[in-house]
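S.K.:
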Amino acid sequence: MIVVNLLPEELRPIKRTPLPHLASLLVLVLAIGAMGLLFLAKIGEISDTNAKLATAEQELDALKEIVEDYNALSAKKQQLENKINVIQEILADRIIWSEQLHELSTLTPENFWYERIRVTSKTVREERVVIDEKTGQPVVDPKTKVEKTIKVNVKRPMLEISGYVINNDEGSNQIYPLTFSTTEDKEFGSIFILDRPQITDAEYNGYAVRGFVLEYKIETGGQG
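In the working numbering, the protein residues as written are 61 to 284.
#1: Using the Cα positions of Gly223 and Arg188, report the straight-line distance between them to the nearest angstrom.
#2: Quick one: what's Arg178 bridged to in DSSP?
#3: If we count the other Cβ atoms within 10 Å of its Cβ and call it buried at 16 or more, is Phe272 buried or exposed?
#4: Counting along the chain, where does the alpha helix (DSSP H) carrying Gly249 start and finish?
#5: Flag this pair as yes or no: are the beta carbons of Asn227 and Asn171 separated by less than 8 Å?
#6: Just how far apart, CA to CA, sit Gly96 and Glu128?
#7: Excluding the 5 residues preceding and the 5 following Gly282 in the sequence, name in chain order all residues of the same chain whose CB lies nearer than 8 Å to its CB.
#8: Please state whether the Cβ-Cβ distance between Phe240 and Gln160 is less than 8 Å.
#9: So the candidates are Glu279, Ile191 and Pro169; which of them puts its Cα closest to the Cα of Asp229?
#10: What does a CB cutoff of less than 6 Å around Thr209 pick up in its chain, not counting 5 residues either side in sequence?
#11: To which residues does DSSP link Val189 through a beta bridge?
#12: Can you give me the C-alpha to C-alpha distance between Glu35 and Gln118, rounded to a whole angstrom?
#13: What is the rounded straight-line gap between the Cα of Glu125 and the Cα of Ala132?
#14: Closer than 7 Å by C-beta to Leu219: which residues in its own chain qualify, once you throw out the five before and the five after it? Chain order, please.
#15: Who are Gly271's beta bridge partners in DSSP?
#16: Where does Lys203 fall in DSSP's three states?
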(Lines of atoms letter the chains of each structure in order from A and count residues from 1; the text may use other names and numbers.)
(Lines give C-alpha, C1' and ligand atoms only; values in the text may rest on other atoms or scores of the structure.)
Protein backbone atom coordinates (compact mmCIF):
# COMPACT_ATOMS: atom_id res chain seq x y z
CA MET A 1 0.00 0.00 0.00
CA ILE A 2 1.24 3.40 -0.88
CA VAL A 3 1.11 6.03 1.87
CA VAL A 4 0.52 9.50 0.59
CA ASN A 5 1.12 12.49 2.90
CA LEU A 6 -1.48 15.01 2.06
CA LEU A 7 -0.30 17.65 4.61
CA PRO A 8 1.09 20.85 3.20
CA GLU A 9 4.88 21.12 3.07
CA GLU A 10 5.10 23.62 5.94
CA LEU A 11 3.08 21.35 8.27
CA ARG A 12 4.97 18.20 7.65
CA PRO A 13 7.24 17.02 10.66
CA ILE A 14 10.93 17.67 10.19
CA LYS A 15 13.15 14.61 10.41
CA ARG A 16 16.05 15.56 12.78
CA THR A 17 19.50 13.80 12.86
CA PRO A 18 20.70 12.22 16.20
CA LEU A 19 24.31 13.30 15.61
CA PRO A 20 24.24 16.37 17.95
CA HIS A 21 22.92 14.25 20.81
CA LEU A 22 25.56 11.63 20.17
CA ALA A 23 28.29 14.29 20.12
CA SER A 24 27.09 15.78 23.44
CA LEU A 25 27.02 12.34 25.01
CA LEU A 26 30.54 11.63 23.74
CA VAL A 27 31.85 14.93 25.22
CA LEU A 28 30.21 14.10 28.54
CA VAL A 29 31.78 10.64 28.58
CA LEU A 30 35.21 12.07 27.73
CA ALA A 31 34.90 14.72 30.48
CA ILE A 32 33.94 12.10 33.06
CA GLY A 33 36.85 9.94 31.94
CA ALA A 34 39.31 12.84 32.22
CA MET A 35 38.08 13.68 35.71
CA GLY A 36 38.41 10.05 36.68
CA LEU A 37 42.01 9.94 35.45
CA LEU A 38 42.79 13.19 37.30
CA PHE A 39 41.23 11.78 40.47
CA LEU A 40 43.30 8.61 40.22
CA ALA A 41 46.46 10.69 39.63
CA LYS A 42 45.76 12.78 42.73
CA ILE A 43 45.18 9.64 44.80
CA GLY A 44 48.55 8.37 43.58
CA GLU A 45 50.26 11.63 44.57
CA ILE A 46 48.66 11.56 48.02
CA SER A 47 49.68 7.94 48.50
CA ASP A 48 53.27 8.74 47.44
CA THR A 49 53.39 11.76 49.81
CA ASN A 50 52.10 9.66 52.71
CA ALA A 51 54.74 7.02 51.99
CA LYS A 52 57.49 9.69 52.00
CA LEU A 53 56.12 11.16 55.25
CA ALA A 54 56.12 7.74 56.92
CA THR A 55 59.71 7.16 55.78
CA ALA A 56 60.79 10.58 57.09
CA GLU A 57 59.14 9.90 60.46
CA GLN A 58 60.95 6.56 60.72
CA GLU A 59 64.27 8.24 59.91
CA LEU A 60 63.56 10.95 62.49
CA ASP A 61 62.80 8.35 65.17
CA ALA A 62 66.04 6.57 64.29
CA LEU A 63 67.97 9.85 64.72
CA LYS A 64 66.29 10.76 68.04
CA GLU A 65 68.94 9.03 70.18
CA ILE A 66 71.72 10.54 68.08
CA VAL A 67 70.26 14.03 68.59
CA GLU A 68 70.02 13.46 72.35
CA ASP A 69 73.63 12.25 72.45
CA TYR A 70 74.70 15.28 70.40
CA ASN A 71 72.95 17.69 72.78
CA ALA A 72 74.57 15.99 75.79
CA LEU A 73 78.00 16.17 74.16
CA SER A 74 77.42 19.84 73.26
CA ALA A 75 76.64 20.62 76.91
CA LYS A 76 79.81 18.83 78.06
CA LYS A 77 81.81 20.64 75.38
CA GLN A 78 80.53 24.00 76.65
CA GLN A 79 81.52 23.08 80.22
CA LEU A 80 85.01 22.07 79.08
CA GLU A 81 85.35 25.28 77.05
CA ASN A 82 84.45 27.33 80.13
CA LYS A 83 87.10 25.54 82.18
CA ILE A 84 89.67 25.90 79.40
CA ASN A 85 88.91 29.63 79.14
CA VAL A 86 89.49 30.08 82.86
CA ILE A 87 92.75 28.11 82.68
CA GLN A 88 93.92 30.10 79.66
CA GLU A 89 93.15 33.38 81.40
CA ILE A 90 95.12 32.28 84.43
CA LEU A 91 98.05 31.06 82.30
CA ALA A 92 97.96 34.31 80.32
CA ASP A 93 98.71 36.15 83.56
CA ARG A 94 102.00 34.25 83.87
CA ILE A 95 101.54 34.18 87.63
CA ILE A 96 104.28 32.42 89.55
CA TRP A 97 102.07 30.94 92.23
CA SER A 98 104.85 29.84 94.53
CA GLU A 99 106.04 33.44 94.79
CA GLN A 100 102.54 34.83 95.30
CA LEU A 101 101.68 32.28 98.01
CA HIS A 102 104.93 33.11 99.76
CA GLU A 103 104.07 36.81 99.51
CA LEU A 104 100.63 36.08 100.97
CA SER A 105 102.19 34.26 103.90
CA THR A 106 104.41 37.26 104.70
CA LEU A 107 101.36 39.55 104.59
CA THR A 108 99.29 37.35 106.92
CA PRO A 109 99.18 38.37 110.62
CA GLU A 110 100.00 35.70 113.22
CA ASN A 111 96.44 35.41 114.50
CA PHE A 112 95.14 34.28 111.08
CA TRP A 113 95.08 30.75 109.73
CA TYR A 114 93.80 29.51 106.41
CA GLU A 115 91.36 26.71 105.78
CA ARG A 116 91.42 26.78 101.98
CA ILE A 117 93.11 28.69 99.16
CA ARG A 118 91.86 27.99 95.64
CA VAL A 119 91.39 29.47 92.18
CA THR A 120 87.80 29.49 90.98
CA SER A 121 85.69 31.47 88.50
CA LYS A 122 82.82 33.90 88.82
CA THR A 123 80.49 35.66 86.38
CA VAL A 124 80.53 39.41 86.96
CA ARG A 125 78.91 42.40 85.27
CA GLU A 126 81.42 44.68 83.60
CA GLU A 127 81.05 47.83 81.57
CA ARG A 128 82.49 47.60 78.06
CA VAL A 129 82.84 50.23 75.34
CA VAL A 130 80.64 49.56 72.28
CA ILE A 131 82.81 48.92 69.20
CA ASP A 132 81.61 49.58 65.63
CA GLU A 133 81.88 46.27 63.73
CA LYS A 134 82.67 48.04 60.45
CA THR A 135 85.32 50.50 61.61
CA GLY A 136 86.57 48.74 64.73
CA GLN A 137 86.41 52.08 66.56
CA PRO A 138 84.42 52.99 69.71
CA VAL A 139 80.87 54.21 69.05
CA VAL A 140 80.41 57.83 70.19
CA ASP A 141 77.03 59.28 71.19
CA PRO A 142 76.38 62.18 68.75
CA LYS A 143 74.61 64.19 71.46
CA THR A 144 76.93 63.78 74.44
CA LYS A 145 80.13 63.08 72.44
CA VAL A 146 80.87 60.33 74.97
CA GLU A 147 81.74 56.73 74.08
CA LYS A 148 78.78 54.40 74.42
CA THR A 149 79.09 51.55 76.93
CA ILE A 150 77.09 48.44 77.74
CA LYS A 151 76.95 46.05 80.68
CA VAL A 152 78.04 42.49 79.81
CA ASN A 153 78.48 39.26 81.76
CA VAL A 154 82.14 38.22 81.96
CA LYS A 155 83.56 35.06 83.54
CA ARG A 156 86.56 36.09 85.63
CA PRO A 157 89.14 33.94 87.43
CA MET A 158 89.08 34.50 91.18
CA LEU A 159 91.44 33.74 94.05
CA GLU A 160 89.41 32.57 97.03
CA ILE A 161 90.96 32.58 100.51
CA SER A 162 89.01 31.26 103.49
CA GLY A 163 89.96 30.73 107.11
CA TYR A 164 89.66 32.04 110.65
CA VAL A 165 91.09 34.83 112.81
CA ILE A 166 91.40 34.74 116.60
CA ASN A 167 91.96 37.59 119.03
CA ASN A 168 95.40 39.14 118.85
CA ASP A 169 97.37 40.54 121.78
CA GLU A 170 95.10 43.57 121.75
CA GLY A 171 91.94 41.44 121.85
CA SER A 172 90.95 42.20 118.26
CA ASN A 173 89.83 39.60 115.74
CA GLN A 174 89.17 41.94 112.82
CA ILE A 175 90.13 40.87 109.28
CA TYR A 176 91.15 44.43 108.38
CA PRO A 177 94.89 43.87 108.96
CA LEU A 178 94.90 41.14 106.29
CA THR A 179 92.73 42.93 103.76
CA PHE A 180 94.75 46.11 104.24
CA SER A 181 98.13 44.42 103.79
CA THR A 182 97.04 42.45 100.68
CA THR A 183 95.48 45.55 99.13
CA GLU A 184 98.35 47.92 99.87
CA ASP A 185 101.14 45.56 98.91
CA LYS A 186 102.40 46.73 95.51
CA GLU A 187 103.24 43.28 94.13
CA PHE A 188 100.30 41.30 95.48
CA GLY A 189 97.79 44.13 95.06
CA SER A 190 98.66 44.63 91.37
CA ILE A 191 97.51 41.09 90.57
CA PHE A 192 94.80 40.35 93.11
CA ILE A 193 92.01 42.91 93.58
CA LEU A 194 89.83 42.39 96.65
CA ASP A 195 86.23 41.97 95.53
CA ARG A 196 83.93 41.11 98.41
CA PRO A 197 84.82 39.80 101.89
CA GLN A 198 82.38 37.52 103.74
CA ILE A 199 82.61 37.44 107.53
CA THR A 200 80.93 35.09 110.03
CA ASP A 201 81.28 34.76 113.83
CA ALA A 202 81.97 31.23 115.09
CA GLU A 203 83.51 29.23 117.93
CA TYR A 204 86.53 26.93 117.75
CA ASN A 205 87.54 24.72 120.72
CA GLY A 206 85.73 27.06 123.04
CA TYR A 207 87.35 30.20 121.63
CA ALA A 208 85.46 32.92 119.81
CA VAL A 209 86.77 33.15 116.25
CA ARG A 210 85.82 35.04 113.14
CA GLY A 211 85.46 33.13 109.89
CA PHE A 212 86.16 34.84 106.59
CA VAL A 213 86.07 34.23 102.85
CA LEU A 214 88.02 36.71 100.72
CA GLU A 215 87.57 36.86 96.96
CA TYR A 216 90.20 38.54 94.78
CA LYS A 217 89.80 39.26 91.08
CA ILE A 218 92.82 38.00 89.18
CA GLU A 219 93.89 40.84 86.92
CA THR A 220 95.12 39.78 83.47
CA GLY A 221 98.68 40.89 82.85
CA GLY A 222 99.19 41.85 86.46
CA GLN A 223 102.66 40.40 86.50
CA GLY A 224 105.14 40.01 83.71
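Cβ atoms here follow ideal geometry from the backbone N, Cα and C, with glycine treated the same way.
M.R.: With the given structure in hand:
#1: Start at 1 with the first residue of the sequence shown, and residue 223 comes out as number 163. Start at 1 with the first residue of the sequence shown, and residue 188 comes out as number 128. Gly223 and Arg188 have their C-alpha atoms spaced approximately 34 Å apart.
#2: Locating residue 178 in the sequence shown gives position 118, counting from the first residue. The partner list for Arg178 (beta bridge, DSSP) reads Glu220.
#3: As a working mapping, residue 272 is identified with position 212 in the sequence shown. With 16 or more other Cβ atoms within 10 Å, it is buried.
#4: The residue labelled residue 249 in the question sits at position 189 within the sequence shown. That run of the alpha helix (DSSP H) goes Lys246 to Ile251.
#5: Along the sequence shown, one-based indexing puts residue 227 at 167. Along the sequence shown, one-based indexing puts residue 171 at 111. Against a cut-off of 8 Å, the Cβ pair of Asn171 and Asn227 comes out as a contact.
#6: As a working mapping, residue 96 is identified with position 36 in the sequence shown. As a working mapping, residue 128 is identified with position 68 in the sequence shown. Their backbone Cα atoms lie some 48 Å apart in a straight line.
#7: Looking up residue 282 in the sequence shown gives position 222. Because the pLDDT at Gly282 is just 47, under 50, the model does not fix this residue reliably, and the point stays unresolved.
#8: Within the sequence shown, residue 240 is the residue found at index 180, counting from 1. Within the sequence shown, residue 160 is the residue found at index 100, counting from 1. Pairing Phe240 with Gln160 gives a Cβ-Cβ distance that is not under 8 Å.
#9: Residue mapping note: residue 229 aligns to position 169 of the sequence shown, counting from 1. Closest option to Asp229, Cα to Cα, is Pro169.
#10: The residue given as residue 209 occupies position 149 in the sequence shown. Glu187 and Val189, listed in sequence order.
#11: Mapped onto the sequence shown, residue 189 falls at position 129. Bridge partners of Val189: Thr209.
#12: Since the first residue shown for the chain is 61 and the last is 284, residue 35 is missing from the structure and cannot be characterised.
#13: If you number the sequence shown from 1, residue 125 lands on position 65. If you number the sequence shown from 1, residue 132 lands on position 72. Glu125 and Ala132: Cα-Cα distance of roughly 11 Å.
#14: The sequence position of residue 219 within the sequence shown is 159, counting from 1. Val179, Phe252, Tyr276 and Ile278.
#15: Taking the sequence shown and counting its residues from 1, one reaches residue 271 at position 211. Paired residues: Tyr224 and Thr260.
#16: As a working mapping, residue 203 is identified with position 143 in the sequence shown. Correct three-state label for Lys203: coil.
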